[in-house]
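Heads up: the sequence shown begins at 67 in our numbering, then just goes up one per residue.
What follows is one structure encoded as structure tokens, with my remarks underneath.
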Amino acid sequence: MANPQSNLDELMKDPKAAGLLKNKALLQSLMQSPDTQRLMELLSQNAGDGLKTAAAKGDTGALLGMVRQVMQSSEGARLVQNISQAVPKEKK
67 MANPQSNLDE
77 LMKDPKAAGL
87 LKNKALLQSL
97 MQSPDTQRLM
107 ELLSQNAGDG
117 LKTAAAKGDT
127 GALLGMVRQV
137 MQSSEGARLV
147 QNISQAVPKE
157 KK
């Protein structure tokens, strides 16, 4: 099983992910948004227990595969786009 701390360390190497994780208010807002809630419903419907297992193991490859599968639907693609647009752009 993957070490959760090592997964967090990997995430923190990505500037966008690190910025999001450090902004607790924005992260909380995103997690509670209707788009995120619906996306989680779609992921659960498509992946079932596989979603929980992959998340618990920190299996990002499996999680990305599940998100890609959901994004093949117009609703899934729209939800991911809406969530992505809610994240502030990185300043250059």
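The C-beta atom is built at its ideal place from N, Cα and C for all residues, glycine as well.
The structure displayed is predicted, hence computed values, not measured ones.
{"query": "How many angstroms separate the CA atom of Lys118 from the CA atom of Leu130?", "result": "13 Å"}
{"query": "Just how far apart, CA to CA, sit Gly114 and Ala91?", "result": "29 Å"}
{"query": "Does the region 85–104 come into contact with the region 136–153, if we say contact requires no fewer than three beta-carbon pairs (one atom in each stretch) closer than 8 Å?", "result": "yes"}
{"query": "With DSSP run on the structure shown, which of helix, strand or coil describes Gln138?", "result": "coil"}
{"query": "Is it buried or exposed for Met97, if we count other Cβ within 10 angstroms and need 16 for buried?", "result": "exposed"}
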